[in-house]
């Protein structure tokens, strides 16, 4: 039996190949993600990757990521969203034509900026409510009769 590239020595006479040499000779493997019929396979070769905080990814895509198919269809891209770094960040991979990748990246970053602003505003409103409640309760204890 002739040895082939990447053969592992299992006692059948094949010699182990240097794994680095084998990897360098193999063609680049495309990612194994489900590809819709409308998506060209050659656009899987050069993905654009960006990272956002995990809470932003949940805000943009939904906790169950239900909006991703709609974004993919409207923009003719494929998206993968993976939580990394112990749940602190989300890795967003965008597959598609470079100009479309950049457009989707721009839209996602704009949405992230808007969600950050909304969160900061909500925190400020909560602080204001707490301040007003504390201030109002202080006024109720020291009431002066009006003549």
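Residue numbers (my numbering): 12 to 158.
We put the beta carbon where it would ideally sit given N, CA and C, even for glycine.
Exposure label - residue 142; buried when at least 16 CB within 10 Å: exposed
message: Buried or exposed for residue 71, going by 16 or more other Cβ atoms inside 10 Å?
response: buried
- request: Jot down the residue ranges of each uninterrupted beta strand (DSSP E) in the region 77-127, minimum 3 residues, whole runs only, in chain order.
  value: 89-95 and 100-106
message: Taking the beta carbon of residue 67 as the centre, do at least 16 other beta carbons fall within 10 Å, making it buried, or is it exposed?
response: buried
- request: On a CA-only basis, which of 145, 114 and 137 is nearest residue 61? Give me that one, please.
  value: 114
message: If I measure Cβ to Cβ from residue 133 and keep anything under 6 angstroms in the same chain, skipping five residues before and after, which residues do I get?
response: none
message: Let me confirm a value: residue 147 is counted as buried when at least 16 other C-beta atoms fall within 10 Å, else exposed. Which label applies?
response: exposed
- prompt: Looking at residue 105 and residue 59, is the spacing between their C-beta atoms short of 8 angstroms?
  reply: yes
field: Any 3 or more C-beta pairs closer than 8 angstroms across the region 108-125 and the region 83-91
entry: yes
task: Give the range of the alpha helix (DSSP H) segment to which residue 67 is assigned.
output: 65-72
query: Taking all protein chains shown into account, do 16 or more other C-beta atoms lie within 10 angstroms of the C-beta of residue 98, making it buried, or fewer, making it exposed?
result: exposed
task: Pull up the CB-CB distance for residue 162 and residue 63, whole angstroms please, since I reckon it's below 8 angstroms.
output: It is not possible to answer for residue 162, since the shown part of the chain is limited to 12 through 158.
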